[in-house]
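Remarks on the structure that follows.
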Amino acid sequence: MDSDLVLVIVVVTALAFDFTNGFHDTANVVATGISTRAVPPRTAVVGAALLNFVGAFISLEVAATVAKGIVQADLITPTIVFAGLIGAITWNLVTWWYGLPSSSSHALIGGVVGAALAAEGTKAVVSGGLLGKVIVPALIAPVLAFAVAGLGILCAYWIIGRLRPGSVNRGFRHGQIVSGGLLALSHGTNDAQKTMGVITLALIANGNLSADNFDVPTWVVVCSATAIAFGTYAGGWRIIRTLGTRIIKMDPAQGFAAQGAGATVILASSHFGYPLSTTHTISGAIIGAGAAKRLSAVRWGVAGNIVTAWVLTLPAAGTMGAIVYGVTRIFGTGALGPVIVSVLVIGLIAATFGQRFRHVAPVPAAGESAP
Amino acid sequence: MIATIVDWAALRDVVVASLAAGVGITVTFSLAILGLTRFADMRRDERLVGAWAYAGLAILGLAVSGAAVVFGIILMTSK
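What follows is the structure, encoded as structure tokens:
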């Protein structure tokens, strides 16, 4: 009974994490298409939400990697998965607070690995899986996306360089409808599968599935797809309100090359089961498309912050996961620990958001000048 | 040690597939736009042979771009 309650808490927490993943990453998926005026904002957000949903059904290779390729599934308990999820959510909140562009995917994997290390020691981690399936592909993917987008846009400028900008921009805007759709599809494929993998891991830990031979249950796929799609839809409206202030200026050809590069790298990696950071891959593609035109067009400070966050996220989320596991175990091995930690985290999130919104300056009324 | 842990063959396939598909789609779609734009210009100038040659390039570019997208999705769903 206790373990089933922990399992329910893990599933709800994982789906909440999936929702925030969609909410947080909507900007990456839709910003390029909106900034080049290829797609109206409302259409972009609704389309991205639908394609994120569809993308989650395309492949299960990444889910299998998360469920059995990184930690020893037979040594994991639902409490370890719970601690990993809370560690990831906590790290995401910390980086959100300080404005660091961290990866939710790395936080999730780091959190679960940290909690597993704290619970069972090094034997709980498939060290080869962590290095070969997560760390090395995570290093390669943004650099690859940078190179693909950069090479693509250089070729495109060579081909269309002497044409009238009007007809070229119109053409690439139409192309961006397809490349943007492909990017949303690839995002849903890779990111929703991480949640599926974590829920599957919890089901194995609880004895609902066999560690040796398992399929990701259909209800897990449907719930994960729905959570990321709703997150994308909800996050999209927030992004639309901030448009015009934070979006990178690029022409439609650059947008097409960046979206195409991001989508192909994510889809190819998903095909081989690599759970990479979609945020970093899309950022790498955008920077590549910008740098190929003019090096000074890239905000290298932002690129530096991405690298810093990349280096910090796995160990920091791992430490958080280990601490949360330690705190949970103070209350024993039953459901009491996860219940108390869940209540504490919900309270912490409410207090954090409350304080954040109290410090936001009120928007001046119409006709009133800002101070 | 890293050489044995990392599946370099799979990573090489990811790099080759991403480069071929990512750069390939941008190139073929650029050729389609070149074809469409030149077709319109030449047709207006009544240079019909050149116009239809560029129309062919545009159709070919669009067809290859579309086929690459469809092939990629089929490959993903078939595993």
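Chains as they are written, first to last, in the numbering used here: chain A, 1 to 371; chain B, 372 to 450.
Positions of the beta carbon are idealized from the N, C-alpha and C atoms, including for glycine.
Going by beta-carbon coordinates alone, are residue i and residue j separated by less than 7 Å?
i	j	result
ASP18 (chain A)	THR195 (chain A)	yes
VAL11 (chain A)	ALA335 (chain A)	no
ALA119 (chain A)	TYR325 (chain A)	yes
GLY273 (chain A)	GLU61 (chain A)	yes
ALA257 (chain A)	THR408 (chain B)	no
ARG164 (chain A)	PRO252 (chain A)	no
SER269 (chain A)	VAL385 (chain B)	yes
LEU183 (chain A)	ALA263 (chain A)	yes
HIS187 (chain A)	VAL29 (chain A)	yes
HIS148 (chain A)	ALA261 (chain A)	The amino acid at residue 148 (chain A) is misidentified as His; the sequence shows Val. A contact, by the Cβ cut-off of 7 Å.
GLY132 (chain A)	ILE376 (chain B)	yes
ILE287 (chain A)	ALA303 (chain A)	yes
ASN206 (chain A)	SER3 (chain A)	yes
THR448 (chain B)	ILE58 (chain A)	yes
ALA49 (chain A)	ALA229 (chain A)	yes
ALA202 (chain A)	PRO78 (chain A)	yes
ALA192 (chain A)	SER224 (chain A)	yes
ILE109 (chain A)	VAL134 (chain A)	yes
VAL8 (chain A)	VAL71 (chain A)	no
GLY47 (chain A)	GLY129 (chain A)	no
HIS106 (chain A)	SER277 (chain A)	yes
VAL180 (chain A)	GLY55 (chain A)	What sits at residue 180 (chain A) in the sequence shown is Gly, not Val. Going by C-beta atoms, GLY180 (chain A) is not nearer than 7 Å to GLY55 (chain A).
ILE404 (chain B)	GLY255 (chain A)	no
ASP406 (chain B)	ALA422 (chain B)	Looking at the sequence provided, one finds Gly at residue 406 (chain B) rather than Asp. Result no, Cβ atoms of GLY406 (chain B) and ALA422 (chain B) do not sit closer than 7 Å.
ALA145 (chain A)	ALA285 (chain A)	yes
ILE199 (chain A)	VAL220 (chain A)	yes
Please list the partners that residue i has in chain A, where partner means a Cβ-to-Cβ separation under 9 Å.
i	result
GLY421 (chain B)	None at all; the shortest Cβ gap to chain A is about 15 Å.
GLY427 (chain B)	Chain A residues near GLY427 (chain B): none, gap ~16 Å exceeds 9 Å.
Cβ closer than 7 Å: which chain E residues qualify as neighbours of residue i?
i	result
LEU390 (chain B)	The chain inventory of the structure shown lacks chain E, comprising the protein chains A and B.
Mind listing the chain B neighbours of residue i? Cutoff is C-beta to C-beta under 8 Å, in chain order.
i	result
ARG173 (chain A)	Chain B residues near ARG173 (chain A): none, gap ~11 Å exceeds 8 Å.
PRO137 (chain A)	LEU382 and VAL385
GLY337 (chain A)	Those do not exist, as GLY337 (chain A) stays about 34 Å from chain B at its closest Cβ, beyond 8 Å.
LEU108 (chain A)	Near LEU108 (chain A) there are no residues of chain B at all, since even the closest Cβ is about 21 Å away, more than 8 Å.
THR264 (chain A)	ALA388, SER389, ALA392, GLY393, ILE396 and GLY443
ALA268 (chain A)	ASP384, VAL385, ALA388, SER389 and ALA392
Using a cut-off of 8 Å between C-beta atoms, extract the partners of residue i located in chain A.
i	result
ILE430 (chain B)	Chain A residues near ILE430 (chain B): none, gap ~14 Å exceeds 8 Å.
VAL440 (chain B)	VAL178 and LEU182
Note down, in chain order, every chain A residue with its Cβ under 7 Å from the Cβ of residue i.
i	result
ILE376 (chain B)	GLY128, LEU131 and GLY132
ILE396 (chain B)	GLY260
Can you pull the chain B residues whose beta carbon is under 9 Å from the beta carbon of residue i, in chain order?
i	result
SER224 (chain A)	In chain order: nothing, as chain B lies at least about 17 Å away.
ILE140 (chain A)	LEU382, VAL385 and VAL386
So residue i contacts chain B; which residues on that side make the cut at Cβ distance below 7 Å?
i	result
LEU144 (chain A)	VAL386 and SER389
LEU151 (chain A)	VAL394
ALA257 (chain A)	THR397
*Considering only residues of the stretch 378-440 of chain B, which uninterrupted alpha helix (DSSP H) runs meet the minimum length of 4 residues and lie entirely inside it, listed in chain order?*
If we require 4 residues or more, the alpha helix (DSSP H) runs fully inside the stretch 378-440 of chain B come out as 379-415.
*asked:* Contact between the stretch 80-88 of chain A and the stretch 209-218 of chain A is defined here as three or more beta-carbon pairs at a separation below 8 Å; is this criterion met?
replied: The stretch 80-88 of chain A is not in contact with the stretch 209-218 of chain A.
_Three or more C-beta pairs below 8 Å linking the stretch 89-98 of chain A and the stretch 150-168 of chain A_ = no
*Taking only runs of the alpha helix (DSSP H) that begin and end inside the stretch 252-325 of chain A, which ones reach a length of at least 4 residues, in chain order?*
252-271 and 278-293
*Which residues, in chain order, does the stretch 400-422 of chain B contribute to contact with chain A at a C-beta distance below 7 Å?*
PHE400, SER401, LEU402, ILE404, LEU405, LEU407 and THR408
*Closer than 8 Å, Cβ to Cβ, to anything on chain B: give me those residues from the stretch 270-302 of chain A, in chain order.*
SER270, HIS271, PHE272 and TYR274
*Which runs of the alpha helix (DSSP H), 4 residues or longer, sit entirely within the stretch 122-190 of chain A?*
136-160
*Could you tell me whether the stretch 435-450 of chain B touches the stretch 399-408 of chain B, where touching means 3 or more Cβ pairs closer than 8 Å?*
Yes, they touch.
*Is there contact here, the stretch 104-119 of chain A with the stretch 306-317 of chain A, by at least three beta-carbon pairs under 8 Å?*
yes
*asked:* Short of 8 Å Cβ to Cβ, which residues in the stretch 154-169 of chain A face chain B?
replied: Cβ contacts with chain B: CYS155, ALA156, ILE159, ILE160, LEU163, ARG164, SER167 and VAL168.
*Near-chain B residues of the stretch 54-66 of chain A (beta-carbon distance less than 7 Å), N- to C-terminal order*: ILE58, SER59 and GLU61
*Proximal residues, the stretch 193-222 of chain A versus chain B, C-beta separation under 7 Å*: Within the stretch 193-222 of chain A, no residue qualifies.
*Where in the stretch 67-124 of chain A do unbroken runs of the alpha helix (DSSP H), each at least 4 residues long, occur, reported from the N-terminal end onward?*
78-98 and 104-120
_Output needed in chain order: residues of the stretch 340-354 of chain A with a Cβ under 9 Å from some Cβ in chain B._
none
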